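To start, the structure itself, in structure tokens.
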Amino acid sequence: MNFKVMNFILAAVTLLFSTTVFAAAPIKIGALFAVTGPAAFLGEPERNSAKMVIDEINKSGGVKGRKLELVVYDTAGDATKAVQLATKLIKDDKVVAIIGPSTTGETMAVIPVAEKEQIPLISCSAGSKITDPVKRWVFKTAQNDALAVGKIFEHLQKNRMTKVSILTVSDGFGASGREQLKQQAAKYGISIVSDDTYGPKDTDMTAQLTKIRGAHAQAIICWGTNPGPAVIAKNARQLGIKTPLFMSHGVSSKKFIELAGEAAEGIKLPSGKVVVADMLSGSDKQKKSLMAFVKDYQKHYRAEGDHFGGHAWDAVMLIRNAVEKGADTAAAIRDQLEKTRNFAGIGGSFNYSGQDHAGLGKDAFVLVEIKNKDWVIVK
Amino acid sequence: MKRDLLLFIAFALLIMVAPHFFHGGYLMNVLVFVGINTMLAIALNLLLGYAGQISLGHAGFFGLGAYISGVLTTTYALNPWSAMPLAALVVGCLAYLIGFPILKLKGHYLAMATLGLGIIIYIVFNETVDLTGGPSGLSGIPNLEVAGVVFDSDVKNYYLIWGVTLAVMLFSLNLANSRIGRALRAVHDSEVAAQVLGVNSRVLKVQIFALSAVISSLAGSLYAHTMTFVSPASFGFNFSIEVLTMVVIGGLGSIYGSFLGAALLTLLPEFLRGANDYDIIIYGALLMIMVMFMPGGLVRGIPALYRKIFKQKGEGDNA
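One line per chain: the protein sequences are A and B, in this order.
Just so we're aligned, residue 1 is where the first sequence starts under the numbering used here, counting upward by one.
Just so we're aligned, residue 1001 is where the second sequence starts under the numbering used here, counting upward by one.
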């Protein structure tokens, strides 16, 4: 009798322990976003989107019965902090993968840490040098600047415009864009007739635009993030410049249209498909993901989801898919990430491989034009 | 004198055994930065606390050290151990040359001039893309190496950085207690009186400015070789202000105060991280309270607070 009771208790205890052990081991994912500071316009939507999608996944029962846990730290856009916090995520929080950081500079600073500690890093920043050359543990979800530049140049080539003026911002985003613009121009038979820069905090670009007016280009390409490009659009209008103005994907959010107002009309820019999600044809592979993201974001934050948030959404989903295929350690997740094929996310259709950790093709961008304060796809 | 030496030895021992309590966790990494920031705070304190000359451009010297080391060891494949003194030499000469015209200025005007200097250096980092890599930074800087041991982990870097920091501290303590230290304090109180007593205040100010820049440059080089990456954003105006805050919060004219200030300002954000979005408010409020109630800095405020509590308790016992 006693024996039986003992046995029963033992069995019950074992059962209890085993279930709690399995249920209570969430998979920890770290995230580094520049939620405050000059790059907050990237970090905030990224954090919001990552939190949102993790919540959704957990609400629907997690992945293979396991919950995902997100540990987010704010880097304030500072490379030193990003490195410290990456170390914290790895050593103290013991995460199996890291999403972020938001800017190219921070990512370049964190890469040595991720490589050394052998933790997969999925960056949300665009700089080409993050994955070129390929680093074993480093992936990224943001579209390469090279693809955006290609999209603009293709359009120019089609319309037989061969002389362009470029005006880029002197920060990481602008510097990378400038490099790509200069590098690819020859390939499309385009010559750059003037090359100017402006400071990220400048409030008047009349001087640069006056010079550009004298250069007689057929198109002006401006590479920057808000609010600079809006000032440029307004200045160009004030100076009566009629030359077609092209912007980068750095301003593809409603915020830019708000800031530039009337002056935004007619500006063309390459953009992730998220801003034109509802205009895409039903056959577009990304449409389902895009609509889900836009609707969710609207529901959670009463704001329009932009493609910056999309980078974080893609990163979380990529990890989720890897976990679903049975990976739960850093090394296994890395291997599964590299096997990702045809994942239709927000930024584009991802195909990672041993030689390509950026994973996106030219179809990641569409060329859009601003008409009546909204986006229209340029055919 | 003997007491001072004992205090320093006790401090050094404490620093050297500290890692055994942290088991190589994340805090080790933060403590490495406490070391770098202590060096910077001491550098600025020699100038501001002892000689009474303000500088709002020290992040610039720090950055120059980091970038010169970084560029020489990556683009020109120089050995880090030769790049570091070379960087210090260049920065020292630069500070010496700029020091003569700049240090003629006083008060707000000196603050403005050094502020301008810091911003110019920052702009140079950003705009000379071919040399510095521009805003997206310079990566691939090698770690330091001694006899086959590569300083690539937090624990190794801790001993490296703190070894140098302790040397800088010892040097500064000796300097402060020397004839030069007394001359500096005389200049601080009254330049005219100091000159009457035979102190060449013009040259002395420039020399201490150059020394301060050299220590900052050394800290910068060490930063570059431990981080293996530098970008201009780390050397902006904000960082100059942060170093200044460390010096003031820690205690002007005290070498240990600089350590306390650097430790507090580097560690505090880590402990406040749990407070999510409110950490910045708490951080600001704490700094304000400290300046209000400890105007002499932590190094004088903490003993005063201790005495106050102890004394009140004693009086209570008597009653």
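Where is the CB? At the ideal position from N, CA and C, for every residue including glycine.
Please read all numbers here as calculations on a predicted model, not as lab measurements.
In this structure, DSSP gives residue 187(A) a helical state, which the three-state scheme calls helix. Taken in chain order, the members of the region 1132-1147 of chain B whose beta-carbon sits within less than 7 angstroms of a beta-carbon on chain A are 1134, 1135, 1136, 1137 and 1139.
Cα atoms of residue 1239(B) and residue 1059(B): separation of roughly 6 angstroms, rounded to the nearest angstrom. Pairing residue 286(A) with residue 340(A), the inter-Cα distance amounts to about 15 angstroms. Distance check between residue 193(A) and each of 214(A), 177(A), 204(A) and 203(A) places 214(A) closest, using alpha-carbon atoms only. Counting along the chain, no alpha helix (DSSP H) covers residue 262(A), and no H or E run does either.
Residue pairing from DSSP places residue 272(A) in a beta bridge opposite 365(A). Comparing C-alpha distances from residue 227(A) to each of 240(A), 247(A) and 217(A) shows the shortest one belongs to 247(A).
Residue 118(A) is outside the set of residues whose beta carbon lies under 8 angstroms from a beta carbon in chain B.
Using a Cβ-Cβ cut-off of 7 angstroms, residue 104(A) is close to 1136 of chain B, given in chain order. For residue 130(A), no beta strand (DSSP E) run applies, since DSSP gives it neither H nor E.
Secondary structure at residue 28(A): strand, using DSSP grouped into helix, strand and coil.
Beyond the five residues adjoining it in sequence on each side, residue 83(A) comes within less than 7 angstroms, by CB distance, of 109, 110 and 113 in the same chain, given in chain order. Identification of residues in the region 1212-1234 of chain B having a C-beta nearer than 9 angstroms to some C-beta of chain A yields 1223, 1227, 1228, 1229, 1230, 1231, 1232, 1233 and 1234, given in sequence order.
Note on residue 1034(B): 16 or more other CB atoms within 10 angstroms of its CB, so buried under the neighbour-count rule. The closest CA to that of residue 379(A), considering only 307(A), 49(A), 96(A) and 268(A), is found on 268(A). Taking C-beta atoms as the reference points, residue 1056(B) and residue 1114(B) count as a pair closer than 8 angstroms.
Close to residue 1126(B), with beta-carbon spacing below 7 angstroms, are these residues of chain A in chain order: 170. If only uninterrupted alpha helix (DSSP H) runs of at least 4 residues are considered, those enclosed by the region 1191-1278 of chain B are 1191-1196, 1201-1227, 1237-1250 and 1255-1272. Distances from the alpha-carbon of residue 1235(B) to those of 1309(B), 1269(B) and 1134(B) put 1134(B) closest. For residue 1026(B), the chain A residues whose C-beta falls within less than 7 angstroms of its own C-beta are 87, 88, 91 and 92, listed in chain order. With its beta carbon at least 8 angstroms from every one in chain A, residue 1037(B) lies outside the interface. Fewer than three pairs of CB atoms, one per stretch, sit closer than 8 angstroms, so the region 324-334 of chain A makes no contact with the region 294-308 of chain A. Per DSSP, the unbroken alpha helix (DSSP H) holding residue 1026(B) starts and ends at 1026-1045. Three or more Cβ pairs drawn from the region 1217-1229 of chain B and the region 1073-1087 of chain B lie within less than 8 angstroms of each other, which places the two stretches in contact. In the three-state scheme derived from DSSP, where H, G and I count as helix and E and B as strand, residue 139(A) is classed as strand. In terms of CA proximity to residue 368(A), 148(A) leads the group 315(A), 148(A), 42(A) and 360(A). For residue 25(A), the CB contacts under 8 angstroms within the same chain, skipping 5 residues up- and downstream, are 66 in chain order.
Using beta-carbon distances, residue 355(A) does not count as an interface residue toward chain B, since no partner is under 8 angstroms. The DSSP-derived three-state label of residue 111(A) is helix.
DSSP places residue 164(A) within a strand segment (E or B) once states are collapsed to three. In this structure, residue 1044(B) places its C-beta atom within 8 angstroms of the C-beta atom of residue 1244(B). Inclusion of residue 1092(B) and residue 1213(B) in the CB contact set at 8 angstroms is warranted, their separation being smaller than that value. Under the DSSP assignment, residue 97(A) falls in the beta strand (DSSP E) whose first and last residues are 97-99. The three-state secondary structure of residue 349(A), taken from DSSP, is strand. For residue 83(A), the residues of chain B that pass the 7 angstroms Cβ criterion are 1227, in the order they occur in the chain.
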